[in-house]
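Chemist: Residue 32 is where the sequence shown starts when you use this note's numbering, and the numbers rise one by one after that. Don't be surprised by glycine CBs; every beta carbon is placed ideally from N, CA and C. Here it is, the structure in full.
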Amino acid sequence: MLAAWTLPCLSGDQPQWAQAWSRNMVSDEKGLADSFDPKTGRNIKWVARLGTQTHSTPIVAGGRVYIGTNNGEPRDPKHQGDRGVFMCFDEKTGELLWQLVVPKRDEDAYMDWPDTGISSPATVEGDRVYLTDNRGEVVCLDAKGVANGNDGPFRDEAAHMTSPSTPGSSPKRVVGAETHPEPLRPAADGVLLKPGPLDADILWVFDLPSGAGIWPHDGAHSSILIHGDYLYLNTATGVDNTHKRVRTPDAPSLVVIDKRTGQLVARDEEHIAPDIFHSTWSSPSLGEVNGRTLIFFCGGNGVVYAFEPLTNPSPGLRLPSPSLAGRGNGEGSVSILKKIWQFDFDPAAPKTDVHKYNSNRREGPSNLYGMPVFHRNRVYVAGGGDIWWGKNEAWLKCIDATKTGDIGTNALVWSYPLEKHVMSTVAIDRGLLFIADFGRKLHCLDAETGRPYWTHEIQGDVWASPLVADGKVYLGTRSGDFYVFAESKEKKLLSRVELHDPISATATSANGVLYVATMKRLYAVENRRK
Ligand SMILES: [Ca+2]
Ligand SMILES: [Ca+2]
Numbered sequence: 032m033l034a035a036w037t038l039p040c041l042s043g044d045q046p047q048w049a050q051a052w053s054r055n056m057v058s059d060e061k062g063l064a065d066s067f068d069p070k071t072g073r074n075i076k077w078v079a080r081l082g083t084q085t086h087s088t089p090i091v092a093g094g095r096v097y098i099g100t101n102n103g104e105p106r107d108p109k110h111q112g113d114r115g116v117f118m119c120f121d122e123k124t125g126e127l128l129w130q131l132v133v134p135k136r137d138e139d140a141y142m143d144w145p146d147t148g149i150s151s152p153a154t155v156e157g158d159r160v161y162l163t164d165n166r167g168e169v170v171c172l173d174a175k176g177v178a179n180g181n182d183g184p185f186r187d188e189a190a191h192m193t194s195p196s197t198p199g200s201s202p203k204r205v206v207g208a209e210t211h212p213e214p215l216r217p218a219a220d221g222v223l224l225k226p227g228p229l230d231a232d233i234l235w236v237f238d239l240p241s242g243a244g245i246w247p248h249d250g251a252h253s254s255i256l257i258h259g260d261y262l263y264l265n266t267a268t269g270v271d272n273t274h275k276r277v278r279t280p281d282a283p284s285l286v287v288i289d290k291r292t293g294q295l296v297a298r299d300e301e302h303i304a305p306d307i308f309h310s311t312w313s314s315p316s317l318g319e320v321n322g323r324t325l326i327f328f329c330g331g332n333g334v335v336y337a338f339e340p341l342t343n344p345s346p347g348l349r350l351p352s353p354s355l356a357g358r359g360n361g362e363g364s365v366s367i368l369k370k371i372w373q374f375d376f377d378p379a380a381p382k383t384d385v386h387k388y389n390s391n392r393r394e395g396p397s398n399l400y401g402m403p404v405f406h407r408n409r410v411y412v413a414g415g416g417d418i419w420w421g422k423n424e425a426w427l428k429c430i431d432a433t434k435t436g437d438i439g440t441n442a443l444v445w446s447y448p449l450e451k452h453v454m455s456t457v458a459i460d461r462g463l464l465f466i467a468d469f470g471r472k473l474h475c476l477d478a479e480t481g482r483p484y485w486t487h488e489i490q491g492d493v494w495a496s497p498l499v500a501d502g503k504v505y506l507g508t509r510s511g512d513f514y515v516f517a518e519s520k521e522k523k524l525l526s527r528v529e530l531h532d533p534i535s536a537t538a539t540s541a542n543g544v545l546y547v548a549t550m551k552r553l554y555a556v557e558n559r560r561k
């Protein structure tokens, strides 16, 4: 029975976003397609309907494909209206197996932006699926759903999926409104939706606003890193609805949660929050530097940090147990992450009163969206002015990860100016580095020196990261174009597929299949000529 419970992660699975845990956007998959055509079905294994906005990257594990989306095309008639949705498909057929449907935060639209759905990619280990949802809750789900029963300790799925808002009502979008994040209210009429076989089975929930004291802004985007028994994640804490005020100056930016219990066990104490220009959307990475394991993390203040990971407690040692109820962060009962170094990504930028540069496209602080990629004792970080509210300037920087303390220019190996704003994470393979920016350029550099080999003008803004797999570079853009380049020092465009709907997701490859998600569709692409 126990063996039947375990869903093994096959060697060709992709159970987390990018490589575990360097976050390098590369994959060892072989025999992938270099083009496909949804019109004729060429190289298409299956197509699944999503909602109408999909900003999450597909994750593949244990025979299932997971992706976050919205409820723009309801798959279950009982769930109507704007919701965060997280879908689980059968890897072979694309059949929808179950979905997590989460009501929106309706106290303030700026805490959970309308129609954006669940943007976070999942992280899967065995039969457990870890995810940050649109409400800023970290949830642990059963990969088998409720088909095998509603497992606990969490069994209140009915209340969790029932929205208190009346259908068709939209949350307040009032700049300056005095709101604060609130727990999910019970429905006014007291009637709860009834969980069915298509609904997710939640095992535990940790609410970041009430449990860790964060201020949700726009929507969480966290790719959870697992190290031993601990989940490391960025909290997506940010500014309020004015975009010029941080109301939770003591909020953590990086937290650690026990994967077994869903309890908060550690946090950073770097006082990052007051200087967060927008939000905290960059997920942590991990690497071994001269025999020492480090967690790398990009703060919303434009500073890159290295922390020592928590060591697993020996059996019998009691973990601190912060209160999950009420406000505050369980002060006194939560460990503080030990910092090894910090690197100011943009030393020339203003350091005080940063929010006065809101909407200034020429001058202001940097922030960081892409993940810090660890590769051969170096950390590669792309960042710069905020896409929506900040300066245009952006760079890719290569940092020496072997230093300690407040590491400045002496830790900077090289810096490469990007065209304009950047959300991508780098892909590094065979000495080549790929990244795309908002200047609508794909860049191929020498990873060692930062010297450019080539750039290519692409259609549309890039929210995704390039994926390098099988000697190819895959990249989708917000104009709905999907590009395939050769992984080569010489520029060679292999194909460009027009998918018409914008693409935010990074392509994923697993078990010989390439997954490409647009706003509305998930394509499983398979090379039929092999
Ligand atoms: Ca179950
Ligand atoms: Ca449950």
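May I ask you to report which of helix, strand or coil DSSP gives Y400?
Modeler: As a first step, residue 400 must be located in the sequence shown, where it is residue number 369. Looking at Y400 - three-state DSSP - the assignment turns out to be coil, as it is neither helix nor strand.
Chemist: Can you look up H211 in the DSSP assignment and give me helix, strand or coil?
Modeler: Taking the sequence shown and counting its residues from 1, the one referred to as residue 211 is at position 180. Note: H211 maps to coil in three-state DSSP.
Chemist: Using a Cβ-Cβ cut-off of 7 angstroms (strictly less than) and excluding sequence neighbours within five positions of E557, which residues of its own chain qualify?
Modeler: Walking along the sequence shown from the start, residue 557 turns up at place 526. For E557, same chain residues with a beta-carbon under 7 angstroms away, outside a window of 5 residues either side, are A64, N74, K76, G543 and V544 in chain order.
Chemist: Within the same chain, show all residues whose beta-carbon is closer than 7 angstroms to that of H252, passing over the 5 residues directly before and after it, in chain order.
Modeler: Locating residue 252 in the sequence shown gives position 221, counting from the first residue. For H252, where only same-chain residues beyond five positions count, the Cβ hits under 7 angstroms are S150, S151, A267 and W312.
Chemist: Using DSSP bridges, identify the partner residues of S540.
Modeler: On the sequence shown, residue 540 is found 509 positions in, with the first residue counted as 1. According to DSSP, which records beta bridges pairwise, S540 is partnered with L545.
Chemist: I'd like the list of long-range same chain contacts for W48, defined as Cβ closer than 6 angstroms, with 5 residues on each side in sequence excluded.
Modeler: Locating residue 48 in the sequence shown gives position 17, where the first residue counts as 1. Excluding sequence neighbours, W48 sits near T88, P152 and S254.
Chemist: Exposed or buried, what is K522 when buried is set at 16 or more other beta-carbons lying within 10 Å of its beta-carbon?
Modeler: Here the question's residue 522 lines up with position 491 in the sequence shown. It is exposed - the Cβ of K522 has fewer than 16 other Cβ atoms within 10 Å.
Chemist: Kindly identify the DSSP beta-bridge partner or partners of K472.
Modeler: The sequence position of residue 472 within the sequence shown is 441, counting from 1. For K472, which the question treats as bridged, DSSP gives the partners D468 and E488.
Chemist: To the nearest angstrom, how far is it from the Cα of D121 to the Cα of Y546?
Modeler: On the sequence shown, residue 121 is found 90 positions in, with the first residue counted as 1. On the sequence shown, residue 546 is found 515 positions in, with the first residue counted as 1. C-alpha separation (whole angstroms): 13 angstroms.
Chemist: Please confirm whether any heavy atom of ligand 2 lies closer than 6 angstroms to the CB of R186.
Modeler: Reading the sequence shown from its first residue, position 155 is the one you call residue 186. Yes; taking the cut-off as 6 angstroms, the Cβ of R186 has a heavy atom of ligand 2 nearer than that.
Chemist: If you measure from the CB of K175, is any heavy atom of ligand 1 nearer than 6 angstroms?
Modeler: Working through the sequence shown from its first residue, we reach residue 175 at position 144. The answer is yes for K175.
Chemist: Hey, would you say R409 sits closer than 7 angstroms to A432, going by beta carbons?
Modeler: Along the sequence shown, one-based indexing puts residue 409 at 378. Along the sequence shown, one-based indexing puts residue 432 at 401. In this structure, A432 lies closer than 7 angstroms to R409 by Cβ.
Chemist: Would you check if the region 117-132 and the region 204-213 touch, i.e. whether three or more CB-CB distances between them fall below 8 angstroms?
Modeler: no
Chemist: Among all the DSSP beta bridges, which residues are the ones paired with N179?
Modeler: Here the question's residue 179 lines up with position 148 in the sequence shown. Answer is none; N179 lacks a bridge partner.
Chemist: Whose C-alpha, out of I303, P315 and D232, is nearest the C-alpha of L262?
Modeler: In the sequence shown, the residue the question calls residue 262 occupies position 231. The shortest C-alpha separation from L262 is found at P315.
Chemist: For E450, which three-state DSSP category applies?
Modeler: If you number the sequence shown from 1, residue 450 lands on position 419. Correct three-state label for E450: coil.
Chemist: Just reading off the beta strand (DSSP E) that P198 is part of, what are its end residues?
Modeler: Numbered from its first residue, the sequence shown carries residue 198 at position 167. Per DSSP, P198 lies in no beta strand (DSSP E) and is assigned neither H nor E.
Chemist: Can you check DSSP and say which residues form a bridge with A231?
Modeler: Mapped onto the sequence shown, residue 231 falls at position 200. Its beta-bridge partners do not exist; DSSP assigns none.
Chemist: Does the Cβ of N332 lie closer than 6 angstroms to at least one heavy atom of ligand 1?
Modeler: Residue 332 sits at position 301 when you count from the first residue of the sequence shown. For ligand 1, not one heavy atom lies less than 6 angstroms from the Cβ of N332.
Chemist: Out of N321, A467, C329 and Q130, point me to the one whose CA is closest to E301's CA.
Modeler: What you label residue 301 is simply residue 270 of the sequence shown in a count that begins at 1. Ranking the options by Cα distance to E301, first place goes to C329.
Chemist: Excluding the 5 residues preceding and the 5 following R393 in the sequence, name in chain order all residues of the same chain whose CB lies nearer than 8 angstroms to its CB.
Modeler: For the purposes of this step, residue 393 is taken as residue 362 along the sequence shown, with counting starting at 1. Taken in chain order, the residues that qualify are K422 and N423.
Chemist: So the beta strand (DSSP E) E557 belongs to, where does it begin and stop?
Modeler: By 1-based counting over the sequence shown, the position of residue 557 is 526. It spans R552 to E557 - the beta strand (DSSP E) in which E557 sits, taken as one unbroken run.
Chemist: Apply the 10 Å Cβ neighbour rule to W419 and answer buried if 16 or more other Cβ atoms are within range, or exposed otherwise.
Modeler: Counted from its first residue, the sequence shown places residue 419 at position 388. Looking at its Cβ environment, which holds fewer than 16 other Cβ atoms inside 10 Å, W419 is exposed.
Chemist: Here's a check: name, in chain order, each residue in its chain whose Cβ is nearer than 8 angstroms to the Cβ of G62, leaving out the five neighbours to either side.
Modeler: On the sequence shown, residue 62 is found 31 positions in, with the first residue counted as 1. Contacts found: D501, G543, N558 and K561.
Chemist: Just to confirm, is the Cβ distance from A478 to T537 under 7 angstroms?
Modeler: Position 447 of the sequence shown, counted from the start, is the residue given in the question as residue 478. Position 506 of the sequence shown, counted from the start, is the residue given in the question as residue 537. Result no, Cβ atoms of A478 and T537 do not sit closer than 7 angstroms.
Chemist: Going by DSSP in three states, A189 sits in which element: helix, strand or coil?
Modeler: Against the sequence shown, residue 189 aligns to sequence position 158. Note: A189 maps to helix in three-state DSSP.
Chemist: P134 lies in the alpha helix (DSSP H); which residues open and close that run?
Modeler: Walking along the sequence shown from the start, residue 134 turns up at place 103. Segment L127 to P134 is the beta strand (DSSP E) holding P134; no alpha helix (DSSP H) there.
Chemist: Provide the residue(s) that pair with T342 in DSSP beta bridges, ordered along the chain.
Modeler: Position 311 of the sequence shown holds residue 342. Partner(s): none; T342 has no beta bridge.
Chemist: Is the Cβ-Cβ distance between F465 and V515 less than 7 angstroms?
Modeler: One-based indexing of the sequence shown puts residue 465 at position 434. One-based indexing of the sequence shown puts residue 515 at position 484. It is not a contact, given that the beta carbons lie outside the stated cut-off.
Chemist: With distances taken from CA atoms, which of L317, S66 and W246 is nearest W52?
Modeler: The count along the sequence shown starts at 1 and reaches residue 52 at position 21. Ranked by Cα distance from W52, the options L317, S66 and W246 are led by L317.
Chemist: Comparing alpha-carbon positions, which option in I98, M56, G43 and Q45 lies nearest Y554?
Modeler: Here residue 554 refers to the residue found at position 523 when the sequence shown is read from its first residue. Out of I98, M56, G43 and Q45, I98 has the C-alpha closest to the C-alpha of Y554.
Chemist: Could you tell me which residues DSSP puts in a beta bridge with F308?
Modeler: Residue 308 sits at position 277 when you count from the first residue of the sequence shown. Residue pairing for F308: DSSP places it in no beta bridge.
Chemist: For N101, which residues does DSSP report across the bridge?
Modeler: Looking up residue 101 in the sequence shown gives position 70. Per DSSP, G115.
Chemist: Name the two residues that bound the continuous alpha helix (DSSP H) containing S241.
Modeler: Mapped onto the sequence shown, residue 241 falls at position 210. Unbroken alpha helix (DSSP H) run through S241: L239 to A243.
Chemist: Exposed or buried, which one is H531 when buried takes at least 16 other CB atoms within 10 Å?
Modeler: For the purposes of this step, residue 531 is taken as residue 500 along the sequence shown, with counting starting at 1. When all chains shown are included, H531 counts as exposed.
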